[in-house]
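Visitor: These protein sequence lines are chains R and W, in that order. Here the first sequence stands for residues 1 to 185, where the numbers follow my numbering. Here the second sequence stands for residues 186 to 370, where the numbers follow my numbering.
Protein chains: 2
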Amino acid sequence: MAKPSPAASRQQAKPVEDDRNAAVPQDDERLDLFKFAPFRLNRLAAEVSAALAVEYRERYGLDIPEWRVLATLGFRREACSAQYVAACTRTHKSTISRAVTSLLERRLIERVENTEDRREFRLRLTRKGKTLYEELIPRLQQREREIMACLSADERRTFDRLIGKIEASLDLIQTSEEADAKQAY
Amino acid sequence: MAKPSPAASRQQAKPVEDDRNAAVPQDDERLDLFKFAPFRLNRLAAEVSAALAVEYRERYGLDIPEWRVLATLGFRREACSAQYVAACTRTHKSTISRAVTSLLERRLIERVENTEDRREFRLRLTRKGKTLYEELIPRLQQREREIMACLSADERRTFDRLIGKIEASLDLIQTSEEADAKQAY
DNA sequence: GCCAGATAGTCTCACCTGCAACTATTCTAA
DNA sequence: TTAGAATAGTTGCAGGTGAGACTATCTGGC
């Protein structure tokens with residue numbers, strides 16, 4: 001895995017004669033992926049997710065959709081529908097449906113028929129699910145703290161605020177209540 | 186798509202009698218997904234990606250790996266290997282391989298044998314690829330500007346700096362040269 | 001009451017992607 | 001020199017995921 005030195009393989013990157021220099025984009029037309037916010041956000045999110053996945057996947061055998069269902073149900077005091085979870089987490093309803101099926105089989109959640117609307121079911125954590133939730137959450141919060149430890153308290157607040165502004169401009173902000181109104185997930 | 190009012194569907198979320206209140210997590214043990222940085226980053230990245238995808242997918246029929254290959258080759262002055270692109274973009278080498286195949290078929294990139302190391306190929310944009318690149322990049326940059334327009338210039342700089350700190354702490358920072366040394370992609 | 005349209009949830013299908021095996025080639029060290 | 005390890009790139013396979021069809025149910029207008 002470890003390579004003797006970056007230089008060893010860097011030889012491959014040395015310039016190759018290019019007879020088309022005329023068509024090479026000018027500096028101001030080029031785009032440095034490393035400075036491109038969408039790319040950086042993607043990469044950062046993927047890396048942070050991977051760091052957390054160690055906890056919920058390797059330790060508890062959960063995948064991301066399953067963990068999102070648990071997180072939503074664990075946070076809310078009341079039982080709620082799969083549709084609600086999908087809207088909250090911005091995850092496709094078919095993905096949530098599969099996660100719910102899996103969690104039901106593992107007896108981590110249970111569902112009760114909604115007599116007022118028999119199309120939907122109310123989901124909630126079982127005792128077993130709550131135990132897992134209470135065990136898992138502190139681990140994830142610890143991971144988050146470790147990852148964000150590179151920022152000062154002040155920077156962290158600023159970061160949250162700026163993320164919030166971008167979310168807002170993308171219409172990503174939803175309260176628990178508003179999430180109920182979201183469709184398409 | 187539009188629903189009469191959030192309240193219309195919110196009825197579903199009203200509390201259900203729960204005979205297990207004793208096991209409900211306490212406030213400080215719960216985790217609000219909406220305030221959890223990893224979740225927010227994921228959601229934000231997905232949303233930003235979706236906003237950009239309109240440009241490269243619908244307009245040019247490119248998927249994310251293909252666009253990343255183009256972006257890497259377009260930014261660099263010299264031809265470089267698939268391995269290099271994979272390391273740069275943190276994308277799995279098999280994914281890059283498929284993107285390269287597709288781009289070769291579309292004559293957007295070309296590859297030349299590396300006589301110094303015949304295991305690898307040097308990739309570079311064709312004239313057609315450069316034309317597409319120069320057409321696409323301004324559109325993507327415009328999208329990025331639109332998305333980030335909610336931040337002031339000062340906030341934008343701060344945001345970049347904070348993202349940079351997190352990237353650094355996750356060892357995500359690489360210069361073009363360092364990327365050559367990365368394995369596993 | 002009844003029908004058209006909307007909604008919750010499930011399922012199939014197609015696609016995408018990572019893993020790991022594989023080939024070809026290069027490097028390393030005896 | 002040469003065998004074994006490492007590397008670049010490709011491909012088969014399996015698992016995950018979104019789109020959209022489908023069923024059951026609900027809502028609103030007539």
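Even glycine gets a Cβ: it sits at the ideal position worked out from N, Cα and C.
Which value, in whole angstroms, describes the spacing of the CA atoms of W/L336 and R/T126?
Guide: Spanning the two alpha carbons is a distance of roughly 43 Å.
Visitor: Can you tell me the Cα-Cα spacing of R/A86 and R/R111, whole angstroms?
Guide: Each residue's alpha carbon lies about 16 Å from the other.
Visitor: Of the residues that make up the region 56-71 of chain R, which ones have a beta carbon closer than 8 Å to any beta carbon in chain W?
Guide: Those residues of the region 56-71 of chain R that come within reach of chain W (Cβ to Cβ, closer than 8 Å) are R68 and A71.
Visitor: How far does the beta strand (DSSP E) with W/R307 in it extend, from its first residue to its last?
Guide: Element bounds for W/R307: F306 to L310.
Visitor: If we ignore side chains and look at the alpha-carbon of each, how far apart do R/F36 and R/S169 end up?
Guide: When rounded, the distance between both Cα atoms is 18 Å.
Visitor: So the alpha helix (DSSP H) R/R156 belongs to, where does it begin and stop?
Guide: Note, R/R156: alpha helix (DSSP H), A153 to S169.
Visitor: Whether or not the region 45-56 of chain R and the region 138-149 of chain R are in contact is what I'm after, with contact meaning three or more pairs of Cβ atoms, one per stretch, closer than 8 Å; do they touch?
Guide: Touching, per the Cβ criterion.
Visitor: Grouping DSSP H, G and I as helix and E and B as strand, with all else coil, what is W/C273?
Guide: In the structure shown, W/C273 sits in a helix (DSSP, three-state: H, G or I).
Visitor: Among all the DSSP beta bridges, which residues are the ones paired with R/R111?
Guide: Note: R/R111 sits in a beta bridge opposite R/L123.
Visitor: Beta-carbon within less than 6 Å of W/D203's beta-carbon, same chain only, minus the 5 sequence neighbours each way: which residues are those?
Guide: With a pLDDT of 40 at W/D203, under the threshold of 50, the modelled position of that residue is not reliable, and the figure given next carries that caveat. Excluding sequence neighbours, W/D203 sits near nothing in its chain.
Visitor: So that I know if they touch, is there some Cβ in chain R lying closer than 8 Å to that of W/F306?
Guide: Chain R contact via Cβ: absent.
Visitor: Could you tell me which residues DSSP puts in a beta bridge with R/C80?
Guide: DSSP, once it has assigned bridges, lists R/L123 as partnering R/C80.
Visitor: Is the CB of R/I166 under 8 Å away from at least one CB in chain W?
Guide: Closer than 8 Å to some Cβ of chain W, the Cβ of R/I166 qualifies, so yes.
Visitor: With the cut-off set at 8 Å, would you say W/S282 and W/A267 are in Cβ contact?
Guide: The answer is yes: Cβ separation under 8 Å.
Visitor: Applying a beta-carbon distance threshold of less than 7 Å, which residues of chain W neighbour R/L104?
Guide: Here the premise fails: no neighbours, minimum Cβ distance about 17 Å.
Visitor: State the Cα-Cα distance for the pair R/T89 and W/Y318, rounded to the nearest angstrom.
Guide: Approximately 34 Å between the Cα atoms of the pair.
Visitor: For the 8 Å Cβ check, are there 3 or more pairs between the region 63-80 of chain R and the region 113-124 of chain R?
Guide: Judged by Cβ distances under 8 Å, the region 63-80 of chain R makes contact with the region 113-124 of chain R, as three or more pairs qualify.
Visitor: Anything in chain W within Cβ reach of R/V48, meaning under 7 Å, just list it in chain order.
Guide: Correct list: P223 and L226.
Visitor: Near W/R244, what residues of its chain come up, given a Cβ to Cβ distance below 6 Å and the 5 sequence neighbours on each side ignored?
Guide: Closer than 6 Å at the Cβ level, and outside the excluded window around W/R244, lies no residue.
Visitor: I need the straight-line Cα distance from R/L33 to R/Q142, nearest angstrom please.
Guide: Computed Cα separation, rounded: 31 Å.
Visitor: Going by other Cβ atoms of all chains shown within 10 Å of its Cβ, with 16 needed for buried, is W/L237 buried or exposed?
Guide: Counting Cβ neighbours within 10 Å, W/L237 comes out buried, since at least 16 surround it.
Visitor: Could you check what DSSP says for R/N21 in three-state terms: helix, strand or coil?
Guide: Bear in mind that the predicted position of R/N21 carries a pLDDT of just 42, short of 50, making it unreliable; the figure below should be weighed with that in mind. DSSP places R/N21 in helix when its eight states are reduced to three.
Visitor: Three Cβ pairs or more, each shorter than 8 Å: is that satisfied between the region 153-167 of chain R and the region 338-355 of chain W?
Guide: In short, these stretches touch, since the Cβ pair count reaches three.
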